[in-house]
Amino acid sequence: MTNKYLDKHVLLRNKDIPNIRDINVYIAHGGYDALKKALTVMNPGEVTQVVKTANLRGRGGAGFPAGVKWSFIPPNVKPVYVVVNADESEPGTFKDRELMGENPHQVIEGIILCAFAVGAERAYIYGRGEFKNTFVPLKKAIDEAYNNGLLGKNIMNTDFSMDIFLHLGAGAYICGEETALLNSLEGYMGQPRSRPPFPAAEGLYAKPTVINNVETLSNVPPIILNGSDWYRRYGTERSPGIKIFSLSGHVKNPGNYELPLGAPLRYLIEELGGGTMSGLPIKGILPAGASAPMIPPEHFDVMMDYESMAEANTTLGSASFIVMDETVDMAWAAEKMVHFFKHESCGKCSPCREGNYWLEQVMHRIRSGKGTSFDIDLLTKITHQMTDNCFCPLGEFAVNPINATIKHFRSDYEKYITL
Ligand SMILES: Cc1cc2nc3c(=O)[nH]c(=O)nc-3n(C[C@H](O)[C@H](O)[C@H](O)COP(=O)(O)O)c2cc1C
Ligand code: SF4
750 MTNKYLDKHV
760 LLRNKDIPNI
770 RDINVYIAHG
780 GYDALKKALT
790 VMNPGEVTQV
800 VKTANLRGRG
810 GAGFPAGVKW
820 SFIPPNVKPV
830 YVVVNADESE
840 PGTFKDRELM
850 GENPHQVIEG
860 IILCAFAVGA
870 ERAYIYGRGE
880 FKNTFVPLKK
890 AIDEAYNNGL
900 LGKNIMNTDF
910 SMDIFLHLGA
920 GAYICGEETA
930 LLNSLEGYMG
940 QPRSRPPFPA
950 AEGLYAKPTV
960 INNVETLSNV
970 PPIILNGSDW
980 YRRYGTERSP
990 GIKIFSLSGH
1000 VKNPGNYELP
1010 LGAPLRYLIE
1020 ELGGGTMSGL
1030 PIKGILPAGA
1040 SAPMIPPEHF
1050 DVMMDYESMA
1060 EANTTLGSAS
1070 FIVMDETVDM
1080 AWAAEKMVHF
1090 FKHESCGKCS
1100 PCREGNYWLE
1110 QVMHRIRSGK
1120 GTSFDIDLLT
1130 KITHQMTDNC
1140 FCPLGEFAVN
1150 PINATIKHFR
1160 SDYEKYITL
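At position 378 of the sequence shown (counting the first as 1) the number is 1127 in the numbering used here, and the numbers step up by one without a gap.
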């Protein structure tokens, strides 16, 4: 048994089956059976419908239903592209890396199924150049798929043909945002585009494009093979299915854990993570890297699904849980995160570009003992000026570390105020 909530891995099958990254091992364990089923007994619309009924929600952060997104692709416009978001730049998130490095054929099978469903003949995987070692096994797996007639012309001797291209960017957090990613893929500066038009209407090279996260697509083969009813047996009504949770920080057993959505956070931290290394109580938990408001102790019993996390005033996002024990100075932690956002701001709009700059300046003033109590309120004021005024969600995320730590751990700021 994998854990109390899951009897065997669905995504991280590498944990159960040694060397599943090898195509022969993958095939010996049912690999590419879903693709065979889709290409031989289903039509593209049926594949989309199964994913829609399963209510597979995007695992890149926003949780938008994948099948609904696929159905937005206009039927009569060609070419259509699939773009795989393998950027994974959120601090503390390392699930896509394990999927691509250890179970890459499941990612590839998911991409081919998506392309078949939306009528695409080309898919681009956009990865982060700094993590280039991750992409070595993926590239090898793509080559194996070509050599076995699973990519290229007439896949599995059917009429369906497609190619996959691997593209590594130079490394920027904003290039995980889907429209900045498209700009970067086209060779332009990685800055977000206005939406609408959404990528389904005008995406890569202004053509209809589906963009999905690596983990989202890894869910597709088991869904097609086992059906939507099987998938919906896991998780909750509104957040069905399986999810990988990346656990890091002050826990004894960091790593990727696969659980149904809606599993308790406390189970992940205490049972799987083994609690804190120090044995000290936990002070706060970041649920989605730096992007989402920190969870204070009163919400440590929250269930890890999209709705329950929203009720706890935070978001599930990419589900990268960073645990901080009570030795952590939350003003210090917030300063680190502000520095990250200032560094990663693409500079296109002034609320984010200027706001993050000033947040860092004021944080620095407070932490170096030169701030006044007015400066804590000034931080809040700057975050108010940024909220709902930024061009893309990066600027909106950036205020979360400050607002949540001031709200829950104000004394960590006040101890620096001596003037
Ligand atoms: C600043 C920012 C960074 C993002 N980084 C990533 C990322 O690294 N990987 C990812 O899959 N989605 C990321 N996203 C979300 C994407 O914009 C998009 O929602 C996602 O690729 C859609 O795929 P999904 O529906 O399968 O989740 C990011 C969004 C923002 C605003
Ligand atoms: S919010 Fe930040 S990252 Fe987004 S467009 Fe504006 S400057 Fe760029």
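Don't be surprised by glycine CBs; every beta carbon is placed ideally from N, CA and C.
Which listed residue (the options) has its alpha carbon closest to that of residue i
{"i": "Gln-940", "options": "Ala-929, Ala-950, Pro-946, Ala-949", "result": "Ala-929"}
{"i": "Leu-931", "options": "Asp-912, Asn-906, Asn-961", "result": "Asn-961"}
{"i": "Thr-802", "options": "Arg-982, Leu-788, Asn-896, Lys-827", "result": "Arg-982"}
{"i": "Gly-1033", "options": "Ala-1061, Met-1073, Asp-1050", "result": "Met-1073"}
{"i": "Ser-933", "options": "Glu-839, Ser-943, Ile-1071, Gly-920", "result": "Gly-920"}
{"i": "Pro-1142", "options": "Lys-1156, Leu-1168, Gly-1120, Phe-1090", "result": "Phe-1090"}
{"i": "Arg-987", "options": "Gly-807, Asn-1005, Ala-949", "result": "Gly-807"}
{"i": "Ser-838", "options": "Leu-755, Ile-923, Phe-884", "result": "Ile-923"}
{"i": "Gly-1066", "options": "Ile-861, Lys-881, Phe-1146", "result": "Phe-1146"}
{"i": "Thr-1136", "options": "Asn-1152, Ala-894, Asn-773, Glu-1075", "result": "Asn-1152"}
{"i": "Ser-1057", "options": "Gly-878, Cys-1101, Glu-1103, Leu-1014", "result": "Leu-1014"}
{"i": "Val-867", "options": "Ser-1122, Met-905, Ser-1099, Ser-910", "result": "Ser-910"}
{"i": "Val-885", "options": "Asn-852, Ala-864, Gly-901", "result": "Asn-852"}
{"i": "His-1157", "options": "Asn-773, Val-969, Cys-863, Ala-1083", "result": "Ala-1083"}
{"i": "Asp-912", "options": "Ile-874, Ser-1099, Arg-1159, Glu-1047", "result": "Ile-874"}
{"i": "Ala-1061", "options": "Pro-793, His-1048, Phe-1070, Ile-1155", "result": "His-1048"}
{"i": "Arg-1114", "options": "Ala-1080, His-1092, Arg-1102", "result": "Ala-1080"}
{"i": "Asp-836", "options": "Val-963, Ala-864, Asn-1149, Met-1053", "result": "Val-963"}
{"i": "Pro-840", "options": "Thr-907, Lys-1085, Pro-767", "result": "Lys-1085"}
{"i": "Ile-1166", "options": "Ser-1122, Ile-904, Val-759", "result": "Ser-1122"}
{"i": "Asn-1138", "options": "Ile-1125, Arg-1116, Glu-1103, Lys-1164", "result": "Glu-1103"}
Start and end residues, beta strand (DSSP E) containing residue i
{"i": "Leu-917", "result": "912-918"}
{"i": "Lys-992", "result": "991-998"}
{"i": "Met-1073", "result": "1069-1074"}
{"i": "Glu-1056", "result": "Looking at the DSSP string, Glu-1056 is not in any beta strand (DSSP E); the run it does join, the alpha helix (DSSP H), is 1055-1060."}
{"i": "Leu-1008", "result": "1004-1009"}
{"i": "Arg-877", "result": "871-877"}
{"i": "Gly-1033", "result": "1031-1035"}
Bounding residues of the alpha helix (DSSP H) (the contiguous stretch that carries residue i)
{"i": "Glu-1103", "result": "1099-1116"}
{"i": "Phe-1090", "result": "1079-1093"}
{"i": "Tyr-1162", "result": "1149-1163"}
{"i": "Thr-965", "result": "963-967"}
{"i": "Ala-835", "result": "That residue, Ala-835, is in no alpha helix (DSSP H); its beta strand (DSSP E) goes 830-835."}
{"i": "Ile-1131", "result": "1122-1135"}
{"i": "Thr-797", "result": "793-803"}
{"i": "Leu-899", "result": "It is not in any alpha helix (DSSP H) - Leu-899 carries neither H nor E in the DSSP assignment."}
{"i": "Phe-865", "result": "853-867"}
{"i": "Arg-981", "result": "977-981"}
{"i": "Ile-776", "result": "772-777"}
{"i": "Thr-928", "result": "927-934"}
{"i": "Thr-1063", "result": "Careful: Thr-1063 lies outside any alpha helix (DSSP H) and carries neither H nor E."}
{"i": "Lys-786", "result": "782-790"}
{"i": "Ala-815", "result": "815-820"}
Supposed close pair residue i, residue j - CB separation, criterion 8 Å
{"i": "Glu-1109", "j": "Val-1087", "result": "5 Å"}
{"i": "Gly-809", "j": "Thr-965", "result": "7 Å"}
{"i": "Gly-918", "j": "Gly-859", "result": "Gly-918 to Gly-859, Cβ: 21 Å. No contact."}
{"i": "Asn-968", "j": "Gly-984", "result": "Not quite, the Cβ-Cβ distance comes to about 11 Å (not below 8 Å), so this is no contact."}
{"i": "Phe-994", "j": "Leu-1008", "result": "6 Å"}
Ligand 4 heavy atom lying under 8 Å from the CB of residue i
{"i": "Ser-1067", "result": "Questions concerning ligand 4 fall outside what the structure shown contains, since the ligands it does hold are ligand 1 and ligand 2."}
Chain C contact for residue i (CB, 9 Å cutoff)
{"i": "Met-938", "result": "This model lacks chain C altogether, as it is built from one protein chain only."}
- Contact between the region 1034-1048 and the region 1120-1139 (3+ Cβ pairs under 8 Å): no
- Query: Is there contact here, the region 813-831 with the region 954-971, by at least three beta-carbon pairs under 8 Å?
  - Reply: yes
- For the region 1022-1033 and the region 966-984, state whether three or more C-beta atom pairs, one from each stretch, are separated by less than 8 Å. no
- Message: Count Cβ pairs between the region 810-822 and the region 793-800 that sit closer than 8 Å; are there 3 or more?
- Response: yes
- Would you call the region 882-897 and the region 991-1002 in contact, with 3 or more CB pairs under 8 Å? no
- Query: So, do the region 759-766 and the region 841-850 have three or more beta carbon pairs nearer to each other than 8 Å?
  - Reply: yes
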